[in-house]
Structures are given as C-alpha cells and as structure tokens.
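Protein sequence lines correspond, in order, to chains A and B.
Just so we're aligned: 770 in the working numbering is position 40 of the first sequence, and the numbers increase by one with no gaps anywhere.
Just so we're aligned: 525 in the working numbering is position 102 of the second sequence, and the numbers increase by one with no gaps anywhere.
Remarks on the structure that follows.
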Amino acid sequence: GAGVSQSPRYKVAKRGQDVALRCDPISGHVSLFWYQQALGQGPEFLTYFQNEAQLDKSGLPSDRFFAERPEGSVSTLKIQRTQQEDSAVYLCATPPTSGDQETQYFGPGTRLLVL
Amino acid sequence: DQQVKQNSPSLSVQEGRISILNCDYTNSMFDYFLWYKKYPAEGPTFLISISSIKDKNEDGRFTVFLNKSAKHLSLHIVPSQPGDSAVYFCAASAYGGSQGNLIFGKGTKLSVKP
C-alpha cells in the first residue's frame with residue numbers, strides 16, 4: 731500500500747542459508763519499520779529506521795537478524811543461518827509522507843519458508 | 424504477555440447486518456489505536472484509527488469506539504458487505520500511529536455471508 735514494494739515476494743531457503751529481504755519505499759519516506767508475522771499471529775515489530783539511522787532494533791529476535799538502510803531509502807533485512815522458526819511473512823511499513831494521518835502503510839510482504 | 428488482545432478468532436455475519444469486532448489492551452500508555460484489514464497474500468491495509476483523546480471516529484461504514492476506562496475498543500461495520508470478508512487486526516502505539524512501533528492483536532477473521 732501507498733507505494734511500498736518488497737522483494738522477493740516468496741523465498742524458500744534451506745536451513746542454515748543466509749537470506750536478504752528488500753524493502754523499497756517511494757523516496758521521501760523518512761521512517762521505515764520492519765515487522766515479522768508468523769502464521770496465525772499479528773505482525774510483530776522488528777526494527778525502525780529514521781533515514782539511515784536505526785533508532786530501535788529491540789524487536790530483532792536474535793543476532794542472526796540484521797537490518798540496514800545505508801542511504802535512507804531502500805532497506806534490507808538480512809537473516810543469517812536461517813532456522814525453521816524464521817519462517818514467517820516479513821513486512822515493511824512507512825508512514826504517509828503528506829497530511830497528518832497517524833498510520834503506517836504496509837508493503838505486500840515477503841513470505842519466507844525455511845526447510 | 425499480550426498487550427493487545429482480540430479474543431474472537433472469527434466472526435460470521437449476514438450481509439447488510441452490523442459487524443462488531445472487539446479489542447482489549449493492557450498498556451495505559453497507548454495513545455493511538457488503529458484497525459487494519461488483511462486479505463490473503465497481501466500486506467495489512469489501513470482502515471481507520473483513533474487517538475486516545477477521542478472516544479469515537481467515523482469513516483463511511485466504519486466506526487471505531489474507544490473506552491479508555493475499560494481499555495477496550497471496537498470496530499463497527501454497517502452495513503456489512505461480502506467484500507469486507509478478511510482478517511481484521513487491532514493495533515496500538517504509545518507514540519502516535521506513525522512514529523512508533525505498532526503492537527498488534529492476533530486478528531479476527533470476518534466472514535460476511537450473502
């Protein structure tokens with residue numbers, strides 16, 4: 731929604747493999763959030779960027795998870811040595827760039843399956 | 424411990440009738456509440472929100488009610504349409520709706536039958 735794209739849409743990884751998930755917001759989005767949604771659950775916060783600064787990474791479940799946004803636009807969520815419990819939908823979200831609406835718009839997500 | 428709870432996993436309603444989806448929260452620091460709708464294989468879509476300084480917000484067929492003393496909010500959809508069938512998530516934030524991480528409930532699957 732509202733111009734957030736994510737790639738790949740689906741990713742199958744073998745346990746132990748490293749993966750990189752991309753979030754591409756329309757330029758001008760200062761804030762960017764990553765969430766993880768396990769099957770049957772609501773999205774859970776992972777990390778938050780303001781421009782290139784990672785201001786909150788308290789939701790990252792382990793040190794195998796790493797996120798970056800080096801130029802303050804595209805963001806990449808990397809998961810090293812994937813485990814089966816990492817299987818989930820990974821969602822990227824940004825607030826609107828205009829108006830005073832207090833909300834976050836979500837991308838379509840990347841569905842990760844770790845075998 | 425879940426800070427946002429949606430205790431009904433599913434709800435079935437006849438087309439044209441009212442749908443009422445409920446949400447409870449525990450954190451009194453939450454100052455903004457949002458409802459999202461989610462279709463399969465898509466990201467959550469924003470529906471409507473409410474600030475903690477209000478007790479009601481209306482947008483077309485959708486109305487959100489907030490009862491701060493009971494730490495309870497509800498989403499009313501009137502009249503319900505088959506296209507409303509989706510999973511609805513309640514979310515809350517202690518930092519407004521755009522600058523802080525959102526805490527989500529587990530969702531309620533709404534089925535609107537023709």
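No residue lacks a Cβ here, since even glycine has one placed at the ideal position from N, Cα and C.
Checklist entry - Along chain B, which residues have their Cβ under 8 Å away from the Cβ of S761 (chain A)? => result Here residue 761 (chain A) is taken as the residue at index 31 of the first sequence, counted from 1. Simply S521, Q522.
Item to check | Other residues of its chain near L498 (chain B): CB distance less than 6 Å, five sequence neighbours each side excluded | outcome: Here residue 498 (chain B) is taken as the residue at index 75 of the second sequence, counted from 1. Around L498 (chain B): L444, W458, V487.
Item to check | Per-residue DSSP class, three states only, for F815 (chain A) | outcome: Position 85 of the first sequence, counted from the first residue, corresponds to residue 815 (chain A). The identity of residue 815 (chain A) in the sequence shown is Glu, whereas the question assumes Phe. Here E815 (chain A) sits in helix by DSSP.
Next on the checklist: I want to see whether chain A comes within less than 7 Å of F512 (chain B), judged by CB atoms only; does it?
Outcome noted: Position 89 of the second sequence, counted from the first residue, corresponds to residue 512 (chain B). Answer yes: the Cβ-Cβ gap between F512 (chain B) and chain A drops below 7 Å somewhere.
Item to check | Euclidean distance between Cα positions of G731 (chain A) and D454 (chain B) | outcome: By one-based count along the first sequence, residue 731 (chain A) stands at place 1. By one-based count along the second sequence, residue 454 (chain B) stands at place 31. Residue placement at G731 (chain A) is flagged as unreliable, the pLDDT there being 48, under the threshold of 50; a coordinate-derived value is accordingly withheld.
Next on the checklist: Tell me the DSSP secondary structure of D478 (chain B) in three-state form.
Outcome noted: In the second sequence, residue 478 (chain B) corresponds to position 55, counting from 1. Of the three classes helix, strand and coil, the one that applies to D478 (chain B) here is coil, per DSSP.
Next on the checklist: Helix, strand or coil for D507 (chain B)? Go by DSSP, reduced to three states.
Outcome noted: Working through the second sequence from its first residue, we reach residue 507 (chain B) at position 84. Assigned with DSSP and collapsed to three states, D507 (chain B) falls in helix.
Next on the checklist: Out of B:G439, B:T531, B:S442, which one is the CA nearest neighbour of P432 (chain B)?
Outcome noted: Your numbering for residue 432 (chain B) matches position 9 in the second sequence. The shortest C-alpha separation from P432 (chain B) is found at B:T531.
Checklist entry - For the candidate residues A:G802, A:S737, A:L762, whose alpha-carbon lies nearest to that of S396 (chain B)? => result Past the edges of chain B, shown from 424 to 537, lies residue 396 (chain B), and the structure says nothing about it.
Checklist entry - By DSSP, does K744 (chain A) sit in helix, in strand, or in coil? => result On the first sequence, residue 744 (chain A) is found 14 positions in, with the first residue counted as 1. DSSP places K744 (chain A) in coil when its eight states are reduced to three.
Checklist entry - Where in the segment 447–471 of chain B do unbroken runs of the beta strand (DSSP E), each at least 3 residues long, occur, reported from the N-terminal end onward? => result 455–461
Item to check | Exposure label - A783 (chain A); buried when at least 16 CB within 10 Å | outcome: Here residue 783 (chain A) refers to the residue found at position 53 when the first sequence is read from its first residue. Exposed: under 16 other Cβ atoms inside 10 Å.
Next on the checklist: Closer than 8 Å is the cut-off here; do at least three beta carbon pairs connect the segment 830–843 of chain A with the segment 794–803 of chain A?
Outcome noted: no
Checklist entry - Which stretch, first to last residue, makes up the beta strand (DSSP E) that contains A783 (chain A)? => result Within the first sequence, numbered from 1, the residue matching residue 783 (chain A) stands at position 53. Looking at the DSSP string, the run of the beta strand (DSSP E) that includes A783 (chain A) is 783–786.
Next on the checklist: I want to know whether the segment 433–442 of chain B touches the segment 467–486 of chain B - three or more CB-CB distances under 8 Å.
Outcome noted: no
Item to check | Sequence-distant residues of the same chain with beta carbon closer than 7 Å to G802 (chain A), five excluded per side | outcome: Taking the first residue of the first sequence as 1, we reach residue 802 (chain A) at position 72. Excluding positions up to five away in sequence, the list reads N781, E782.
Next on the checklist: With a threshold of 7 Å between beta carbons, is G483 (chain B) in contact with chain A?
Outcome noted: The residue you call residue 483 (chain B) lines up with position 60 of the second sequence. No, G483 (chain B) does not count as interfacial toward chain A.
Next on the checklist: Can you tell me whether D754 (chain A) is helix, strand or coil according to DSSP?
Outcome noted: On the first sequence, position 24 is the one that residue 754 (chain A) refers to. D754 (chain A): strand per DSSP, three-state reduction.
Item to check | Cβ-Cβ separation, L525 (chain B) to A515 (chain B) (assumed contact under 8 Å), whole Å | outcome: Residue numbering aside, residue 515 (chain B) sits at position 92 when the second sequence is read from its first letter. Residue numbering aside, residue 525 (chain B) sits at position 102 when the second sequence is read from its first letter. With 8 Å as the limit, A515 (chain B) and L525 (chain B) qualify as a contact, their Cβ atoms being about 7 Å apart.
Next on the checklist: I'd like to check one pair, V501 (chain B) with V436 (chain B): are the Cβ atoms closer than 7 Å?
Outcome noted: Looking up residue 436 (chain B) in the second sequence gives position 13. Looking up residue 501 (chain B) in the second sequence gives position 78. No; because the gap between Cβ atoms is not below 7 Å, this pair is not in contact.
Checklist entry - When you compare each of B:S451, B:I476, B:G506, B:K428 to K461 (chain B) by their alpha carbons, which one comes out closest? => result Position 38 of the second sequence, counted from the start, is the residue given in the question as residue 461 (chain B). Taking each of B:S451, B:I476, B:G506, B:K428 in turn and checking the Cα distance to K461 (chain B), the smallest one comes out for B:G506.
Checklist entry - Does DSSP put S761 (chain A) in a helix, in a strand, or in coil? => result As a position in the first sequence, residue 761 (chain A) is number 31, starting the count at 1. Reduced to three states, the DSSP call for S761 (chain A) is strand.
Next on the checklist: Counting C-beta neighbours from all protein chains within 10 Å, is the total for E815 (chain A) 16 or more, i.e. buried, or is it exposed?
Outcome noted: Position 85 of the first sequence, counted from the first residue, corresponds to residue 815 (chain A). Exposed is the call here.
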